[in-house]
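Asker: Before we start, here is the structure in question, set down as structure tokens.
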Amino acid sequence: MALQTEDPGMSRQAPVERWAPEERDTLPGVGWGWQALTGIAVLFLVTLHMIANHFVVTGGLRDYQQVIDYITNPIILPLETLFLIVVSWHGLLGLRAVIFDFGLSTRAERAVTRVLLVVWVATMVYGVALLAILVTRR
Amino acid sequence: MSDTTSVTFRVHRYKQGDEDPHHDRFAVEVGPRTTVLDALTAIRRTQDPTLTLRHSCFHASCGTCGMKVNDHEVLACVTNVRELGTDEVRVEPLDNAPVVSDLVVDMGPFYARFDVAERPLVRESELVPGSHTAAGVPQSMRYEDCIECGICVSACPIAGTDPAYLGPAALAAIDRVRQEPRGVDVGPIMRLADDPHAAWRCHLAFECTEACPSNVDPAGHIMQLRRSLFARGWRRPSAEPQGARR
Amino acid sequence: MTAAPRSPAPHVVIVGGGGTGAALALDLVLRGVRVTLVERGEITSGTTGRHHGLLHSGARYAVNDAESAVECIEENQLLRRVAPGSFEENDGLFVGIDDEDMAYGEKLFAACGETGIPARWLTPAEALRLEPNLNPDLKGAIQVPDATFDAMRLPLRWFATAKAHGAVIQPFCEVTAMAVRDACVTGVRGRDHRTERDFEIGADLVVNAGGPWSEKIAAMAGVDVPIQPSPGVLLALRGRLCNMVVNRMHKSGDGDIVVPQRGLSIVGTSSWVVKDPDDLGVPEDHVQKMYDEGSKIVPAVRGAPFRQAWSAARPLIGGGGGADTGRELSRTFKCFDHMERDGVEGFVTISGGKATTARAMAETTANVVCRKLGIDAPCLTHETVLLPHTSYYAA
Amino acid sequence: MTERVAGADRRVERQGRRRGVMGWVDVRGRRLGGWAFILNRLTGLGVLFYLYLHLIVLSQLAVGPSAWDSLLRNWFLNPVFLLLDVVLLAGLVIHGLNGVRLALVGFGIVIDRQKALLLAFGVLGAILIVIGALRFISDAGAK
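Chains as they are written, first to last, in the numbering used here: chain A, 1 to 138; chain B, 139 to 384; chain C, 385 to 779; chain D, 780 to 922.
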């Protein structure tokens with residue numbers, strides 16, 4: 001007796017997927033912890049770098065000879081080397097987080113991580129080579 | 139009761155199957171007590187019965203009428219139109235949630251995340267100072283503060299870019315269970331909080347805490363969660379026999 | 385296919401997504417009926433979401449309406465079992481502040497005994513130790529098993545459980561007409577406001593669970609039900625002034641209850657009558673009355689920060705005019721089989737009642753529906769433990 | 780859901796209104812912490828860009844004294860460059876101070892007073908940038 005229609009013309013809700021944690025092989029807090037720790041290290045080193053290269057030099061910036069004198073100082077050289085390592089690590093890890101904001105797949109995220117690791121190693125090679133050249137100029 | 143002024147409402151409109159959303163303007167007479175929710179229901183009653191919106195309790199207890207008013211996430215039921223101080227009031231649905239129609243968002247994805255915390259609705263009550271528990275009442279209790287409105291998720295800049303982010307409400311719920319486990323093992327949910335798309339994804343904009351209409355302080359809870367996760371020494375949570383207690 | 389799937393089982397369409405519709409949807413699916421529920425707006429957007437969330441012990445009705453009181457205490461105990469974790473189980477107090485109150489208290493205490501509501505007298509000192517914010521001049525108090533619940537989230541558990549058992553819940557679907565053939569309702573027609581497309585659903589039986597709107601819905605089937613929308617003003621204040629429900633120890637009146645809810649305190653309520661349940665308004669003098677009367681039992685009401693004042697329309701059974709405040713109308717519910725009453729087949733209206741007794745209303749209605757459909761199945765809602773409210777949206 | 784309408788976008792229905800990466804620079808409705816988030820992203824990217832530019836320019840040191848010193852005279856001591864140095868300093872101060880805030884709050888050391896911390900760092904940052912800028916300008920006058 002009842003009138004029955006197959007499609008009464010109503011909207012239907014899409015099924016909802018339950019949120020599930022990511023399959024992963026690294027500890028997630030580590031990335032954030034590294035970023036914080038390298039960030040604090042960078043803060044000290046960049047302050048030193050800025051003061052040494054901008055504020056204690058008359059005229060604001062070092063000329064060639066002043067740079068060579070500065071970089072060959074036995075305390076400064078390891079600190080500047082450390083600065084290079086830490087600041088590029090911090091910067092590239094930050095860039096990685098920014099890239100991940102574009103909503104990549106897990107595979108693409110892994111690829112980004114590998115590429116950035118290569119960039120970091122290349123930066124190290126370049127920077128250490130440059131420092132080595134300058135040190136020999138004394 | 140003739141103390142009314144005309145305010146224009148610019149309302150987000152969308153019906154399933156539409157190509158793009160658009161906005162409609164409605165003039166509404168508002169009085170000193172008129173809320174955005176009152177104005178919207180008046181529009182539906184007298185101007186456009188096709189306007190869809192969510193509402194239930196009318197006093198900031200149910201959390202259904204979360205929406206964006208003049209770019210800020212608010213509960214429409216406690217947002218006084220005159221206090222907004224604008225001649226035109228822009229009303230839009232919450233961000234970061236699928237739009238069902240007009241001002242209605244699909245709360246499915248929100249609850250799919252919120253639910254992983256499995257946080258009970260009632261908690262221990264912080265007693266009214268000086269009071270005791272009545273005979274026959276084993277323990278004084280009250281509802282959790284969170285009213286599951288989705289405002290924090292809409293305000294969160296991370297939820298705005300990362301659809302996989304667990305989100306402030308769910309993380310705050312996990313932290314509530316950590317604070318007050320009520321007999322459950324918190325290990326499994328702490329493992330969820332430890333996910334890269336969970337507690338560590340927060341970038342401390344504190345927009346959620348600022349926007350929350352119910353004093354939950356989701357960002358504060360996320361920070362408490364992190365502290366607790368740090369205290370566990372970055373060990374794999376599954377290796378722990380017992381849930382973390384601060 | 386977006387109504388309940390086709391099967392040999394009879395199909396019932398429920399119009400109205402409030403607490404009663406929710407409990408009825410669950411009751412019917414548990415008895416093997418296919419159910420589609422349609423609601424004009426979001427579910428619980430009518431009267432259901434707006435009340436103060438009191439789970440009545442029945443004491444409020446014990447003196448004048450023993451039947452309602454018994455119904456309340458039974459449902460009160462039953463709901464705590466089937467919906468664990470949904471209540472602030474802190475009990476309630478009836479507070480006497482003058483001799484008249486205390487005289488009423490004697491009657492109240494006796495009536496509680498007769499109706500099986502656990503009650504005990506407290507001295508003023510005992511009451512103040514439990515709730516320090518009570519009027520310090522109180523003369524005595526009676527403790528009863530009142531509780532509070534979330535006016536939206538308890539019905540959500542019925543919805544969630546009904547959905548899990550196959551009921552189809554369709555919010556934002558406004559019924560605009562009944563399909564009627566030979567004095568028999570055969571379905572509903574209306575508009576889905578999510579898509580702005582018309583819908584038409586066939587039904588073996590249509591239940592009108594529209595609360596204060598049920599008069600309008602019944603009119604679509606050509607029948608008249610005597611429903612009087614009777615709003616009351618409620619006031620929400622910031623801060624939890626008490627943990628227990630605080631009632632004034634006298635016969636039901638304006639502003640005589642303070643109900644804690646999360647971090648809020650709700651003061652209720654007043655009563656008048658309107659024609660259109662969509663257009664209530666919040667009379668300023670009623671708000672003032674909430675402050676005036678509420679502060680007589682909990683003085684801190686006066687100074688607590690304002691959160692909101694709003695109105696909710698009760699669906700009272702009365703009609704025929706004469707009523708001007710609604711207080712004189714009955715608070716009981718009634719299930720109308722329009723075949724018996726108006727000669728219209730396939731149409732049942734449920735209205736009146738209270739949030740506390742929504743499940744019992746649904747049981748009574750489902751009994752009528754099943755008898756009419758020739759289904760012989762027992763009610764299961766008194767023993768089916770409900771799913772959490774979150775699973776309504778999460779599933 | 781209803782069947783898909785040909786050509787319809789329906790993004791809002793499936794994903795909702797999500798600001799996406801444009802949210803970094805979308806300041807509508809943003810409060811102080813939201814600004815801190817946006818600035819942290821932008822200064823981070825800016826400073827990283829500068830870092831690599833800086834490393835490339837430093838290769839001129841390897842070329843020899845005349846290459847570097849002429850670069851210094853002709854470019855870096857130019858007032859426009861000194862102005863850019865102020866921008867760099869501002870970026871470093873903002874990113875650095877916000878980073879300290881992120882560490883202090885994110886390790887759970889300061890939680891309750893995070894808003895006061897945010898405001899204090901905002902004021903401190905502004906002071907540092909002004910001092911640094913004055914220093915750069917006086918340096919420019921000295922050389």
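Don't be surprised by glycine CBs; every beta carbon is placed ideally from N, CA and C.
For F855/D, which residues in chain A fall below 7 Å Cβ to Cβ?
Answerer: Start at 1 with the first residue of the fourth sequence, and residue 855/D comes out as number 76. Within chain A, the residues near F855/D are L61.
Asker: Any C-beta of chain D sitting closer than 8 Å to the C-beta of D101/A?
Answerer: If you number the first sequence from 1, residue 101/A lands on position 101. It does: the Cβ of D101/A has a partner Cβ on chain D nearer than 8 Å.
Asker: Note down, in chain order, every chain D residue with its Cβ under 8 Å from the Cβ of G358/B.
Answerer: By one-based count along the second sequence, residue 358/B stands at place 220. Within 8 Å Cβ-Cβ: I890, D891, Q893.
Asker: Tell me which residues of the stretch 185-218 of chain B have at least one Cβ-Cβ distance to chain D shorter than 9 Å, keeping chain order.
Answerer: Cβ contacts with chain D: K206, N208, D209, H210, E211.
Asker: Taking the straight line between their C-alpha atoms, what separation do you get for A882/D and R62/A?
Answerer: As a working mapping, residue 882/D is identified with position 103 in the fourth sequence. As a working mapping, residue 62/A is identified with position 62 in the first sequence. Approximately 33 Å, taken between the alpha carbons.
Asker: Closest to Y777/C by CA distance: which of L367/B, C287/B, A302/B, E345/B is it?
Answerer: On the third sequence, position 393 is the one that residue 777/C refers to. The shortest C-alpha separation from Y777/C is found at C287/B.
Asker: For I181/B, I'd like the list of residues in its chain whose CB is within less than 8 Å of its CB, leaving aside the five on either flank, ordered along the chain.
Answerer: As a first step, residue 181/B is located in the second sequence; it is residue number 43 there, counting from the start. Closer than 8 Å at Cβ, skipping near neighbours: F147, V149, F164, V166, L189.
Asker: Assign L117/A to buried or exposed, taking buried as 16 or more other Cβ atoms, counted over all protein chains shown, within 10 Å of its Cβ.
Answerer: Taking the first sequence and counting its residues from 1, one reaches residue 117/A at position 117. Classification of L117/A: exposed, given that the 10 Å Cβ count is below 16.
Asker: Give a yes or no on whether 8 Å exceeds the smallest Cβ distance from E580/C to chain F.
Answerer: Absence of chain F from the displayed structure is noted, the protein chains being A, B, C and D.
Asker: Measure the Cβ-Cβ separation of V227/B and N208/B and say whether it is below 8 Å.
Answerer: Position 89 of the second sequence holds residue 227/B. Position 70 of the second sequence holds residue 208/B. Yes.
Asker: Could you check which residue in H90/A, V98/A, G94/A has the C-alpha nearest to that of V42/A?
Answerer: To locate residue 42/A, count along the first sequence from 1; it is residue 42. Of the listed residues, the one whose Cα sits closest to V42/A is H90/A.
Asker: Do you know how far the Cα of L410/C is from the Cα of D588/C?
Answerer: The sequence position of residue 588/C within the third sequence is 204, counting from 1. The sequence position of residue 410/C within the third sequence is 26, counting from 1. Cα to Cα, D588/C sits roughly 17 Å from L410/C.
Asker: Would you mind reading off the limits of the beta strand (DSSP E) that contains V266/B?
Answerer: As a first step, residue 266/B must be located in the second sequence, where it is residue number 128. Premise fails: V266/B is in no beta strand (DSSP E) and is neither H nor E.
Asker: Alpha carbon to alpha carbon, how far is H395/C from R418/C?
Answerer: Start at 1 with the first residue of the third sequence, and residue 395/C comes out as number 11. Start at 1 with the first residue of the third sequence, and residue 418/C comes out as number 34. Answer to the nearest angstrom: the Cα atoms are 5 Å apart.
Asker: Below 8 Å between beta carbons: does that hold for P539/C and P613/C?
Answerer: By one-based count along the third sequence, residue 539/C stands at place 155. By one-based count along the third sequence, residue 613/C stands at place 229. Contact: no.
Asker: Is the beta carbon of Q527/C less than 8 Å from the beta carbon of R513/C?
Answerer: As a working note, residue 527/C is residue 143 in the third sequence. As a working note, residue 513/C is residue 129 in the third sequence. No, the Cβ-Cβ distance between Q527/C and R513/C is not below 8 Å.
Asker: So, are the CB atoms of A688/C and S649/C less than 8 Å apart?
Answerer: For the purposes of this step, residue 688/C is identified with residue 304 of the third sequence, where counting begins at 1. For the purposes of this step, residue 649/C is identified with residue 265 of the third sequence, where counting begins at 1. Going by C-beta atoms, A688/C is nearer than 8 Å to S649/C.
Asker: Which residue wins for smallest C-alpha separation from W34/A, given the options L93/A, M124/A, R114/A?
Answerer: Reading the first sequence from its first residue, position 34 is the one you call residue 34/A. Among L93/A, M124/A, R114/A, the Cα nearest to that of W34/A belongs to L93/A.
Asker: With C-beta atoms as the reference, is I427/C less than 8 Å away from F543/C?
Answerer: Counting from one through the third sequence, the residue named residue 427/C turns up at place 43. Counting from one through the third sequence, the residue named residue 543/C turns up at place 159. Yes, these two residues count as a Cβ contact at 8 Å.
Asker: Quick one: grab the DSSP three-state call for A383/C.
Answerer: Residue 383/C cannot be examined here, being either before or after the span of chain C that is shown, 385 to 779.
Asker: Please name the residue in R151/B, R370/B, F344/B, S144/B whose C-alpha comes closest to that of I890/D.
Answerer: Along the fourth sequence, one-based indexing puts residue 890/D at 111. With distances taken between Cα atoms, I890/D lies closest to F344/B.
Asker: D482/C by DSSP, collapsed to three states: which one?
Answerer: Within the third sequence, the letter at position 98 stands for residue 482/C. Coil.
Asker: Using beta-carbon positions only, say whether I99/A and V86/A come within less than 8 Å of one another.
Answerer: For the purposes of this step, residue 99/A is taken as the residue at position 99 of the first sequence. For the purposes of this step, residue 86/A is taken as the residue at position 86 of the first sequence. No, the pair does not count as a contact, with Cβ atoms beyond the cut-off.
Asker: Apart from the five residues on each side of it in sequence, which residues of its chain come closer than 6 Å, Cβ to Cβ, to L45/A?
Answerer: By one-based count along the first sequence, residue 45/A stands at place 45. The answer, listed in chain order, is F83.
Asker: In this structure, does DSSP put E167/B in helix, strand or coil?
Answerer: Position 29 of the second sequence, counting from 1, holds the residue named residue 167/B. If DSSP states are grouped into helix, strand and coil, E167/B belongs with the strands.
Asker: Could you compute how far the alpha carbon of A453/C sits from the alpha carbon of S352/B?
Answerer: Counting from 1 along the third sequence, the entry for residue 453/C is found at position 69. Counting from 1 along the second sequence, the entry for residue 352/B is found at position 214. If I take the Cα positions, the gap works out to 35 Å.
Asker: Strictly below 8 Å CB to CB, what residues from chain B border Q18/A?
Answerer: In the first sequence, counting from the first residue as 1, residue 18/A sits at position 18. One detail in the question is off: residue 18/A reads as Arg in this sequence, not Gln. A250, D253, V254, listed in chain order.
Asker: Taking Cβ to Cβ, would you say P772/C is nearer than 8 Å to R541/C?
Answerer: Taking the first residue of the third sequence as 1, we reach residue 772/C at position 388. Taking the first residue of the third sequence as 1, we reach residue 541/C at position 157. Taking 8 Å as the Cβ cut-off, P772/C and R541/C qualify as a contacting pair.
Asker: How many whole angstroms separate the CB atoms of L201/A and A841/D, which I take to be in contact at a CB cut-off of 8 Å?
Answerer: Because chain A in this structure spans residues 1 to 138, residue 201/A falls outside the shown range and cannot be described.
Asker: How far does the beta strand (DSSP E) with C568/C in it reach, from first residue to last?
Answerer: By one-based count along the third sequence, residue 568/C stands at place 184. It spans 568-576 - the beta strand (DSSP E) in which C568/C sits, taken as one unbroken run.
Asker: Show which residues of chain B have a CB atom less than 9 Å away from the CB atom of L881/D.
Answerer: Position 102 of the fourth sequence, counting from 1, holds the residue named residue 881/D. Within 9 Å Cβ-Cβ: H341, L342.
Asker: Name the chain A residues whose beta carbon is nearer than 7 Å to that of C557/C?
Answerer: Within the third sequence, residue 557/C is the residue found at index 173, counting from 1. By Cβ distance, chain A contributes M10.
Asker: If we require 3 or more residues per run, which beta strand (DSSP E) segments fall completely within the stretch 559-631 of chain C?
Answerer: List check, beta strand (DSSP E) in window: 568-576, 581-586, 589-592, 611-622.
Asker: Provide the residue span of the beta strand (DSSP E) that contains W694/C, from first to last.
Answerer: Taking the first residue of the third sequence as position 1, residue 694/C is located at position 310. Here the beta strand (DSSP E) through W694/C covers 690-701.
Asker: Our contact map puts S536/C next to S194/B with C-beta atoms below 8 Å; I'd like the distance itself, whole angstroms only.
Answerer: Your numbering for residue 536/C matches position 152 in the third sequence. Your numbering for residue 194/B matches position 56 in the second sequence. The sequence shown places Met at residue 536/C, not Ser. Going by Cβ atoms, the distance from M536/C to S194/B rounds to 5 Å, so yes, they are a contact pair.
Asker: Given L259/B, which residues of its chain have a CB within under 8 Å of its CB, disregarding the five upstream and five downstream residues?
Answerer: The residue you call residue 259/B lines up with position 121 of the second sequence. Taken in chain order, the residues that qualify are Y281, E282.
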